[in-house]
Each structure stands twice: as structure tokens, then as C-alpha cells.
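Down below is the structure, laid out as C-alpha cells.
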Amino acid sequence: MALLIIAVTAAFALALGLRAGRGRDLSLEQWSVGGRGFGSLLVFLLMAGETYTTFTFLGGVGWAYGKGGPAMYILVYLTIGFILSYWMLPPLWAYAKEHRLLAQPDYFAHRYRSPTLGVVVALVGVTALVPYLVLQFKGLGIIVAAASGGVIGAATAIWIGAAIVTAYVIVSGVHGSAWTATIKDAAILGVVVFLGIYLPLHYYGGIGPMFHAVDAARPGFLTLPPRGLSMAWFESTVVLNGLGAFMWPHGFASVFTARSPDTFRRNAALLPLYQLLILFVFLIGFAAILQVPGLRGADSDLALLRIAQVTFPPWFLGVIGAAGLLTALVPGSVILMSAATLIANNLYAPLTGARRDGRGLALIARGAVPVVSLVAVGFTLRGGSAIVSLLLMGYNIVTQLFPSFIWTLSRRNPLNAAGALAGIATGIAIVAWTTLTGVRIATLMPGAPGWVQDLNIGMVALVANAAVALAVSALTARRQPALAPAERA
Amino acid sequence: MRFLVLLPLAGFLIGTPLVNRVEPFVLGLPLVLAWLVFCVLVTSVVMALIWRSDRTRRAAGGR
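In order, the protein sequences belong to chains A and B.
Just so you know, we're using my numbering here: the first sequence kicks off at 722 and counts up by one.
Just so you know, we're using my numbering here: the second sequence kicks off at 149 and counts up by one.
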């Protein structure tokens, strides 16, 4: 029954995507940035869609369940990102519109007059998008496997999820994502708010009694611990992720879809309110702690579906699964589309000299979709990381673009292309090394104060990135032009 | 008006370490979680005020 509801939802989303994509021309600009004709509401939905992905739905519940207090970083980092967006996005939008830029690497290549930098930024973007796509597939796999009552294995469920996302992207493009995002957000809000209120009431008699019970059973679990995921980790992570919130290639793409720069200023005031609904996600996770104990490590991502299974009839598990499917399908499709656009526009075109305004490039982008999907499925089947850990890894990578980006908005950019390239390479090298070897600051500097050891390693990479970028630019001095005053916020 | 943006940032980064405890519960929420919710609300209000002020300034400049 649950599986039937989820299958019908997937078919409905595909039909809606097909309908939204029909009647548009096949150019890459229409497929990827909607012809820059989206009004405030659609841009709001595309940007807000970032708030409610599988990361929040399953991962947020899982981290509240498994980590407690440190999960609160999810409430904060995008809010900091929205504050920055007020000043960052309008000049970016104006520059992109004036020069008809389609993707993030175009901006870097154009600003620094360096096609090489454009290719490097495209590679960084695609690399960062892979763990983000992996976590959507992982979430889809969890949902499909749980809804089938174990009949469908996790690996098969991941393949099914990936096939749905891939088909959706190929038929719809960004128009489909924007409209399905409306339904997705309505569905997920309904489910999350209901569960966030009902579960504490049902099991504990209210939200206050639930927190008292959790605090009594696990003292200190609801706050940030003195070591590990401590206050130093929390602050460095919310700042790092806040700076990186709009460095994602699909974050840039949602900026390019807007009709007017005032959209971003309005959204900077409205979107923080949207974050408050994450509170209900936490309530679900905290409610599950004493009701479905024993989920460890990456298995904590199962907390939401596990407590739903023991609380509700199978048909309602199907409703929850259907909402979960949409939270993976919509962001997953945007991520996949961004990766495919980067490959076609910023890797294939520069290397082959293909025209960037023809149907051929749109076909290349669509052809890249299943390839990226297959790579992500491969990583999903191999990896054992929790959903939140995957996104933290992606943020560590993509935020390395921030120093080179933010200085392009200054009156006098102290960086040149060589400096930007060296800085990005340094930051990415540190992130790659620490990710692959599992090295932490604590292992590198065992004598350092506790708060230094707990810092997010991505922040260390970011500081090194900026320092190297400045030093190399000073040594190879040839300044870049900054924005004209009229282009600034 | 733009300096107001420092309020929520200070709330998140300076205030949170000062209230990193469970009690007293506020509206049923642990103190630290209630504080972060409050800071998010303040962010929204501050950004709306800045947006309004900027629009007024731009409109005056355009006349």
C-alpha cells in the first residue's frame, strides 16, 4: 500500500515535469535558467527548495536523533547565507544578465578573464555536487526500501530512485523543478509540521515534557558538548556553510532565473522565516530518541521512517514516503541538471569549441544526465556516510570558491586569475586530503587548545585558500576590474 | 539601518555560547534552541527593515 502511494506520486511528478517542459524551445538557457523569466514566487520556491531536501527531512531528523544539540547548526547556517545574499546576489544577477551568463563558471571566467579558471570552477562545482546528489539518492533508497517493508533491497531501491530523478530531469528542465517544488514544499510542510506536533504529544504529552524526558535520560544531549561537535565546531560550521550557501552551482543558477534583483532582497527577509519549520524536523528526531532507540551512525537516518512505522498504519507511511520522495526528487533534479549544464557548457564547449547557443549543447547536457547519475549511484552503493556528513563534505568543497567570488564584488579586487586559481587549488587540496585520509585538526595539532582542534577543517582550508590567493596575486600583480558602482547592491 | 544586520549575527555567534544550556525551558524548548529560534526571527525582521529602508532611499534618489 505504502509503495503504491509512492509510485503514484513519482508518476504524477514525472507527468507534471513533462507538462512544464513542453512547449519550450530546447536551448540550454531555457532548460537551465528558464529564460530568466521567473518572478519572485518561483525564485522563492527554487531558493526555499534548498531548505527542504532529503538532507533536512531524513538527515535533519537523523542528526537530532543521533547527535542532539549539534543538529541545531542546520537552523542557523542558511539564515546566515540569506543575510549575505541581500548584498551578494543583486550585483551577481546584474552582471550575469548584462553578459548573458548561464552558469557559475561563466561568471568566474568572465570576471577574471580566464577560461582556465572557468574550467577549474566547473570541475569544483561538479565534484561538490556529487556528494549532494549521493545524499538524495541515499534518501530515496531509504524511503523506497522502508515503504516496501523490506521487499525491495537498499541497492535496488537506490537504482529505482536514481532512475526516477534522471527521467524527471531529462523530460522537464528547470520549469518542471520550479513547479514541482510548489507541490513538494506543500507536502513536506504538511507532513513535518504534523509529525513534529503529533509525535511529542502522542508519546510524551507535549513538547516540554518530551524535552524534559530526553534531558533526564541523556543529560547534556540537547546542548553543544564541550569537545568534538562543540561550540567551536558549531560556529566555524555555520559561518563556513553560510558563506558557501550560494556558492553551489545550482544556487548560482537559481539567481540567474530571476526577473529582477529586488527578488533577492525580499527573499532575504522571508526565507529565514522558512527556516523556522526546521524546528519541527528536530522535534521528530528528539521524539524518536526514546521510542526507537539503538540506531547508530549512518543508521540514524532511518529514525523518521522507523518511528513512523511503529506509530502509524502502512498507508500513512506511504504518505510520508511520498513527501520524502518529492524532497529528494526536486532538489536531486536541480543538482543533476546543474552538473549536466556545467559539463556541457563549461567543460565540453571550451574543449571542443562548440557553439553555446545551439540545440547541440542542450542535447549534450541531457546526455550527461544519466552519466552523472551513474557516478552518483556508484558512490551511493559504496559509501556508508550519514546524510548530513555528505552535505558537510560538499560544503567544504564548494565554499572554497567564496574568496575568489566575494572579492569580485569589491571596489578593487586584490586577486588576479593566478591568485584565484592558486587559492582554490590550495583549499580543495586541503579538503581532499583531510576527507580521504580522515585527518582532523586534533590529529595534526595534538597540543593545540581544544577549541582549535574542534574547528571545522573546511574553515582552515578557507583561510589557507584566501591567504594563498592574496600572496600569489601580489607576486603576479595584475589587478582585475571590479564592478561599476551601479552594479553594486 | 544596515548596521542592524550585526544584531542577529552577534546573537548567533556571541549569544549562543552564553546560553548553551537546557534550563530554563522557554515555551517548552531548551534554552539554547529557543535562543536560536529567536535569532532567526530577529534576522527576518532586521532584513525586512533594511530592505524597506533601502527601497525608500532608492526611491528618493530616483526622483
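Beta carbons are placed, not taken as given, at the ideal position from N, Cα and C, and that holds for glycine.
What does a CB cutoff of less than 6 Å around residue i pick up in its chain, not counting 5 residues either side in sequence?
{"i": "ALA866 (chain A)", "result": "ILE873, ALA875, ALA878"}
{"i": "ALA721 (chain A)", "result": "With chain A covering 722 to 1210 only, the question about residue 721 (chain A) has no answer from this structure."}
{"i": "ALA1138 (chain A)", "result": "TYR833, SER835, LEU838"}
{"i": "VAL1189 (chain A)", "result": "ALA1143, GLY1144, THR1147"}
{"i": "TRP784 (chain A)", "result": "ALA792, VAL1109"}
{"i": "ARG1209 (chain A)", "result": "Reliability of the predicted coordinates at ARG1209 (chain A) is poor, the pLDDT of 47 falling under 50, and the value obtained from them is presented with this limitation in mind. PRO812, listed in sequence order."}
Could you please give the first and the last residue of the uninterrupted alpha helix (DSSP H) stretch that includes residue i?
{"i": "ALA1146 (chain A)", "result": "1138 to 1158"}
{"i": "LYS859 (chain A)", "result": "836 to 868"}
{"i": "ASP1175 (chain A)", "result": "1171 to 1175"}
{"i": "HIS820 (chain A)", "result": "Taken as a continuous stretch (DSSP letters only), HIS820 (chain A) belongs to no alpha helix (DSSP H), as it is neither H nor E."}
{"i": "PRO982 (chain A)", "result": "First-last for PRO982 (chain A): undefined, no H or E at that position."}
{"i": "TYR1116 (chain A)", "result": "1108 to 1119"}
{"i": "PRO1035 (chain A)", "result": "1035 to 1063"}
{"i": "GLN1030 (chain A)", "result": "1024 to 1032"}
{"i": "GLY787 (chain A)", "result": "782 to 787"}
{"i": "VAL960 (chain A)", "result": "952 to 965"}
{"i": "THR1164 (chain A)", "result": "1162 to 1165"}
{"i": "ILE1005 (chain A)", "result": "999 to 1010"}
{"i": "PRO930 (chain A)", "result": "928 to 938"}
{"i": "PHE973 (chain A)", "result": "970 to 977"}
{"i": "MET793 (chain A)", "result": "No alpha helix (DSSP H) contains MET793 (chain A), which DSSP labels as neither H nor E."}
{"i": "LEU155 (chain B)", "result": "154 to 158"}
{"i": "VAL1189 (chain A)", "result": "1178 to 1196"}
{"i": "TYR828 (chain A)", "result": "825 to 832"}
{"i": "ALA1070 (chain A)", "result": "1070 to 1073"}
{"i": "PRO1014 (chain A)", "result": "Here PRO1014 (chain A) belongs to no alpha helix (DSSP H), and DSSP marks it neither H nor E."}
Which same chain residues, not among the five before or five after residue i, have their C-beta less than 7 Å away from its C-beta?
{"i": "GLY1018 (chain A)", "result": "ALA1107"}
{"i": "ASP1175 (chain A)", "result": "ARG948, GLY949, SER951, ALA953, TRP954"}
{"i": "MET195 (chain B)", "result": "none"}
{"i": "LEU1111 (chain A)", "result": "PRO852, VAL855, LEU856"}
{"i": "ALA934 (chain A)", "result": "TYR925, LEU1011"}
{"i": "SER957 (chain A)", "result": "LEU1176, ASN1177, MET1180"}
{"i": "ILE863 (chain A)", "result": "LEU779, ASP1022, LEU1023, LEU1026"}
Give a yes or no on whether the C-beta atoms belonging to residue i and residue j are separated by under 8 Å.
{"i": "GLY1148 (chain A)", "j": "VAL1193 (chain A)", "result": "no"}
{"i": "THR707 (chain A)", "j": "MET968 (chain A)", "result": "Residue 707 (chain A) is absent from the model: chain A starts at 722 and stops at 1210."}
{"i": "LEU920 (chain A)", "j": "ALA1008 (chain A)", "result": "yes"}
{"i": "ASN1273 (chain A)", "j": "GLY1144 (chain A)", "result": "In the structure displayed, chain A extends from 722 to 1210; residue 1273 (chain A) sits before or after that span and is not available."}
{"i": "LEU1082 (chain A)", "j": "ASN1066 (chain A)", "result": "yes"}
{"i": "LEU997 (chain A)", "j": "VAL170 (chain B)", "result": "no"}
{"i": "ALA1024 (chain A)", "j": "LEU1016 (chain A)", "result": "yes"}
{"i": "ALA1097 (chain A)", "j": "PHE932 (chain A)", "result": "no"}
{"i": "PRO826 (chain A)", "j": "ALA815 (chain A)", "result": "no"}
{"i": "VAL1055 (chain A)", "j": "HIS923 (chain A)", "result": "no"}
{"i": "TRP199 (chain B)", "j": "ARG986 (chain A)", "result": "yes"}
{"i": "ALA966 (chain A)", "j": "LEU799 (chain A)", "result": "yes"}
{"i": "VAL167 (chain B)", "j": "VAL180 (chain B)", "result": "yes"}
{"i": "ILE1064 (chain A)", "j": "ALA1044 (chain A)", "result": "no"}
{"i": "LEU724 (chain A)", "j": "ALA868 (chain A)", "result": "yes"}
{"i": "LEU916 (chain A)", "j": "LEU1046 (chain A)", "result": "no"}
{"i": "ALA979 (chain A)", "j": "ALA824 (chain A)", "result": "no"}
{"i": "ALA1029 (chain A)", "j": "THR1062 (chain A)", "result": "no"}
{"i": "VAL1051 (chain A)", "j": "ALA902 (chain A)", "result": "yes"}
Answer with buried or exposed for residue i, where buried requires no fewer than 16 other C-beta atoms within 10 angstroms of its C-beta.
{"i": "ILE720 (chain A)", "result": "Residue numbering for chain A in the displayed model covers 722 to 1210; residue 720 (chain A) lies beyond these limits and cannot be assessed."}
{"i": "TRP880 (chain A)", "result": "buried"}
{"i": "MET1166 (chain A)", "result": "exposed"}
{"i": "THR777 (chain A)", "result": "buried"}
{"i": "THR1158 (chain A)", "result": "exposed"}
{"i": "ALA208 (chain B)", "result": "exposed"}
{"i": "LEU154 (chain B)", "result": "exposed"}
{"i": "VAL797 (chain A)", "result": "buried"}
{"i": "TYR1154 (chain A)", "result": "Per the sequence shown, the amino acid found at residue 1154 (chain A) is Trp instead of Tyr. Answer is exposed; the Cβ neighbour count stays below 16."}
{"i": "LEU1026 (chain A)", "result": "buried"}
{"i": "SER201 (chain B)", "result": "exposed"}
{"i": "THR1048 (chain A)", "result": "buried"}
{"i": "THR1073 (chain A)", "result": "exposed"}
{"i": "SER1131 (chain A)", "result": "exposed"}
{"i": "PRO993 (chain A)", "result": "buried"}
{"i": "PHE160 (chain B)", "result": "buried"}
{"i": "THR1101 (chain A)", "result": "buried"}
{"i": "THR1197 (chain A)", "result": "exposed"}
{"i": "PHE151 (chain B)", "result": "exposed"}
Consider the C-beta atom of residue i and the heavy atoms of the ligand FAD; say whether any pair is separated by less than 7 Å.
{"i": "PHE985 (chain A)", "result": "Ligands in the displayed structure: none, and consequently the ligand FAD is not present."}
What does a CB cutoff of less than 8 Å around residue i pick up in its chain, not counting 5 residues either side in sequence?
{"i": "ILE1162 (chain A)", "result": "ALA1169, VAL1173, GLN1174, ASP1175, LEU1176, ILE1178, VAL1181"}
{"i": "VAL1040 (chain A)", "result": "ILE726, VAL912"}
{"i": "ARG743 (chain A)", "result": "Note that ARG743 (chain A) scores a pLDDT of 48, beneath 50, so its modelled location is shaky and nothing firm can be said."}
### Query
Do the stretch 1086 to 1103 of chain A and the stretch 882 to 891 of chain A touch if we need at least three Cβ pairs shorter than 8 Å?
Counting C-beta pairs closer than 8 Å gives three or more between the stretch 1086 to 1103 of chain A and the stretch 882 to 891 of chain A, which meets the contact rule.
### Message
Assess contact between the stretch 1178 to 1196 of chain A and the stretch 961 to 977 of chain A, defined as three or more Cβ pairs (one per stretch) separated by less than 8 Å. Is contact present?
### Response
yes
### Task
For the stretch 991 to 1005 of chain A and the stretch 842 to 859 of chain A, state whether three or more C-beta atom pairs, one from each stretch, are separated by less than 8 Å.
By the C-beta criterion, the stretch 991 to 1005 of chain A is judged not to be in contact with the stretch 842 to 859 of chain A, since fewer than 3 inter-stretch pairs fall below 8 Å.
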